[in-house]
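Okay, so here's the structure we're looking at.
Numbering (the numbering used here), first residue to last: 2 to 412.
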């Protein structure tokens, strides 16, 4: 009996070891660091200010997601822009377009746009040639997309497969055009939204511009409003073959509660709950070397006592100090939260003020060294059992039953 129990224990241990060795493990260890915490106070010329008190409460960031992935097997991004800060209404005679430059030679097969459907009308799509920065009358692909294929009331990436894939070369310019079928709709409720970003002198996406036509696509102008501000629509252009580029995107959710109460002689007080967020992304090839800043983005005046979601633009790792062999890099993601506020009271002179400053960091480390494929991570250990592990487990279990049967026959 003891020998049977011992054999069973050995079986369990053997299976556990084999399965653990057969896992491909992807991990990201998150580290919450409340460091460089600074509280500073400054007073003005008011001599009546005799006491400053602070009751400070901070709760940590709720969640963080680091996403590494290729878009599709055998599909490469030939051009892209993804920084949805605003949008344009697509309705009536308002035809919108986005010019772009292909960054690699290959076969252009799919266009994807970030849109929102508010009512039931089909969407029309065109792909046109571009000359001197504007769409021409040469339509390379044209489709009517049924509204039933686009979710209602949701922000979605709409993938449009070209009817006839196009051979393109690096540097070629094209234009994505959309409008409503029969020029229907209005801006109050019967519209589509195409997400975009406004930037000074059009620096958001340097290889193209948002363009507009009000005469059914007959003539086009680069959209500018107000003066000096240009727009770029969110899009992706996929190649079936070409130079593979590595992209990743960072997003995070937060739930931070913070309350600051400042008391004076007259009990004047103010609650303090506005933050500035900065995401810094670093990399290096050796953990013993200094971290190199790869990307940084900031969000201003974020309200506390709420759950909010932020997504960075796509970050391309292709040239310069980056490499396609990103598996050999170590990555550090740092979230910096700054809080600044000026507090005044009716019983204080106008020249009197108190400025509170608070800053803390949250850092996550991602180690993908030697990883064969890109996967999504969500603060968890993602594991994939290998086929050879299953085979070894079957062999071990079969051996166990054979040995156990012989032991029973001997007994």
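A virtual CB, placed ideally from N, CA and C, is assigned to each residue, including glycine.
query, result
"Measure the CB-CB distance between residue 119 and residue 190 and report whether it falls below 8 Å.", "yes"
"Return the bridge partner residues of residue 118 from the DSSP annotation.", "153, 193"
"Who are residue 132's beta bridge partners in DSSP?", "135"
"Relative to the C-alpha of residue 212, which candidate in 237, 175, 165, 78 has its C-alpha closest?", "175"
"Would you say the segment 78 to 86 touches the segment 94 to 106, given that touching needs at least three Cβ pairs under 8 Å?", "yes"
"Which of the three DSSP states, helix, strand or coil, is assigned to residue 215?", "coil"
"Do you know offhand how far residue 94's Cα is from residue 162's?", "25 Å"
"Classify residue 399 as buried or exposed, calling it buried when 16 or more other Cβ atoms lie within 10 Å of its own Cβ.", "exposed"
"Just tell me which of 159, 123, 220 has its CA closest to the CA of residue 196.", "159"
"Would you identify the three-state DSSP class for residue 405, choosing helix, strand or coil?", "helix"
"For residue 81, does the three-state DSSP call read helix, strand or coil?", "strand"
"What's the gap between the Cα of residue 116 and the Cα of residue 156?", "6 Å"
"According to DSSP, what are the bridge partners of residue 233?", "198"
"Buried or exposed: which applies to residue 113, given that a residue is buried once 16 or more other Cβ atoms fall within 10 Å of its Cβ?", "buried"
"Just to confirm the assignment, what range does the beta strand (DSSP E) spanning residue 91 have?", "87 to 91"
"Put residue 183 into one of helix, strand or coil per three-state DSSP.", "helix"
"Measure the C-alpha to C-alpha separation of residue 145 and residue 291 and round it to an integer number of angstroms.", "53 Å"
"Is there contact here, the segment 163 to 173 with the segment 209 to 224, by at least three beta-carbon pairs under 8 Å?", "no"
"Go to residue 98, then tell me how far its beta strand (DSSP E) extends in each direction, as first and last residue.", "96 to 102"
"Who pairs with residue 124 in a beta bridge, going by DSSP?", "146, 181"
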